[in-house]
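Following our numbering, the residues of the sequence shown are numbered contiguously, the last one being 1581.
Quick reminder that beta carbons are idealized off the backbone N, C-alpha and C, glycines included.
Note that the structure is a prediction, hence the values are computed from the model and not measured.
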Amino acid sequence: MDVGTHVSVEDVVRVGRFKEKVEISEETRKKLEKSREVIDRIANSDRAVYGVNTGLGALANVRISHEKLKDLQKNLLMSHAAGYGEPLDEEIVRGMMFLRAVSLSKGFSGVRPVVVEKIIEFLNKDIIPYVPSRGSVGASGDLAPLAHTFLPIIGLGYVLKDGKAFPAEKLLKERNIKPLNLREKEGLALINGTQVMSSLISFVIRDSFRLLKLATMTFSISFEALRGKRDAFDPRVHSLRPHPGQMEISKIVWKLTEGSKIERDESKVQDAYTLRTVPQVYGAVLDTVNYAKEVMTREINSVTDNPLIFPEGEAISGGNFHGEPVALVADFLAIALTDLGNMIERRIDRILNPKTNENLPAFLASGEEGLNSGYMIYQYTAASLCNENKVLASPASADTIPTSAYQEDHVSMGMTSALKLRRILENLEAILAIELMISSIALEKRGLGSAAPKVRELASKVLDMMKLSNHDDFFWENFQRILSFVKGEVEGKGKIG
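This is the structure in structure tokens:
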């Protein structure tokens, strides 16, 4: 994949998760060389340009002597690598390295081609920096995590080896890789950007599409098990409120439930909301994910450096590094995914609750009533995860804490938004796995052979996975199998039917 081309959130996943090879074209190299000529002229002049021959942040008015300009860039990475906490996942780090290379390759950052080539070398040789997950406030770029990311290319910092931090200098010597010597502005160019939060959010967006597809299919199993009324999905209903997501979800459910022979209670006038309004709720979530994708597609193809270097010889200080567009969309998506989980949890209760489950066994327990609790406690687990998601859905972007002696007096907190969003998605996978497990069991008890063919196919697959257990009364092992299946489908390591 050429770092000089327009990229998508799917491309981030291809490089980050599936380790697709990366390259740089000759055309992109020439573009970078032209941009670098501007920096070289500035470095050899008396003109003060931020980050080239001045200090950083509140120290922007401090001039740096010509003979110390290269030291400035090395010192910048060392001083800004101030992160804290558990390391980011390898796929996220690969994604943000790729996105930084893409941004630098636009030719407005003033770096030499060798800088982008070194990032590409690390990616293609699968050398992954050790990057603490906390420390970015989402403005002036993701400074701390990006500093940790790019210290190894100059032979400093740490990389991941066998899941643990390992000195980058040792690994480079072991693999006979020469570290890069930074020149003017290149250290600043490596850390001034939104690529860390953008990588995190890109993965969530791409995985959310797959999760929504599986969630809609899972709902169809629950719908059949609870003997739902299909007329709520009649295309005529949704044509009168044509939100794109609502139309899409209603079509999927209408098609999935076609051919059902399950006996319905004809005296029931209408279903509860968790059965009847799935197109409206899931559809709104789908529209939100699509909106987030639009915003992030623009972001990951943008130049978020500062100052920006233009061919005319100008170096202009701006604020493209500010993460507000990214932070707001992350918080919006967090709210949407949280509410998706809320609806799933209510349907889990409806399947298990003897007051609402259409005469299925209480809590889907087998044998003598009261002798075991069936799947009762899995609703507790879902409720716990929903509660956590509701806390995490509180928008981080509503807060700001000034940094750098008031020079950076409004920040986005977008990294916090992105980290919370990732956690919400992980919790949602578990909530969905619970519904998939219990809805399939419920449908088997209802009469699997009477279900709509497409619904029966997925439920049968789930039931087959559960029957692999040697401990039929130890439900947790079955849950782990279904959770692994859900994660595989969401991440793209499986194939959703």
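In the structure shown, ALA1309 adopts helical secondary structure according to DSSP, grouped into three states. At the C-beta level, ILE1212 and GLU1174 come within 8 Å of one another. DSSP places ASP1315 in the helix class (H, G or I) of the three-state scheme. The DSSP-derived three-state label of THR1138 is strand.
By the CB criterion at 8 Å, PHE1293 and GLY1100 fall outside the cutoff.
Around the beta carbon of ASN1145, fewer than 16 other beta carbons lie within 10 angstroms, which makes this residue exposed. As summarised for the stretch 1127–1177, the continuous beta strand (DSSP E) elements at least 3 residues long and confined to that stretch are 1168–1171, given in chain order.
Approximately 20 Å separates the beta-carbon atoms of LYS1105 and ASN1260; this is outside 8 Å, ruling out the contact. Just so you know, the alpha carbons of SER1457 and PHE1558 end up roughly 12 Å apart.
About 6 Å separates the beta carbons of PHE1192 and SER1119, which is inside the 8 Å limit, making them a contact pair. Spanning the alpha carbons of ASP1095 and PHE1206 requires a straight line of approximately 17 Å. Membership of TYR1464 in the alpha helix (DSSP H) is indicated by the continuous run 1460–1476. Comparing C-alpha distances from GLY1219 to each of GLU1170, LYS1335, ASP1124 shows the shortest one belongs to GLU1170. In the DSSP assignment, no residue is bridged to ALA1482. Pairing ALA1466 with GLY1241, the inter-Cα distance amounts to about 40 Å.
Each residue's CA atom was taken as its position, placing ALA1449 and MET1497 some 46 Å apart. Contact annotation, GLY1194 with ALA1273: C-beta distance approximately 7 Å; criterion of less than 8 Å satisfied. Distance between SER1523 and GLN1330, taken at the CA atoms: about 23 Å. Cβ-Cβ separation between LEU1476 and MET1460: approximately 26 Å, too far for a contact (criterion under 8 Å).
Inside the stretch 1329–1375, DSSP marks whole alpha helix (DSSP H) runs of 4 or more residues at positions 1357–1360, from first to last along the chain. Here the stretch 1352–1367 makes contact with the stretch 1425–1436; the two share three or more CB pairs at distances below 8 Å. Distance between ASN1473 and SER1282, taken at the CA atoms: about 21 Å.
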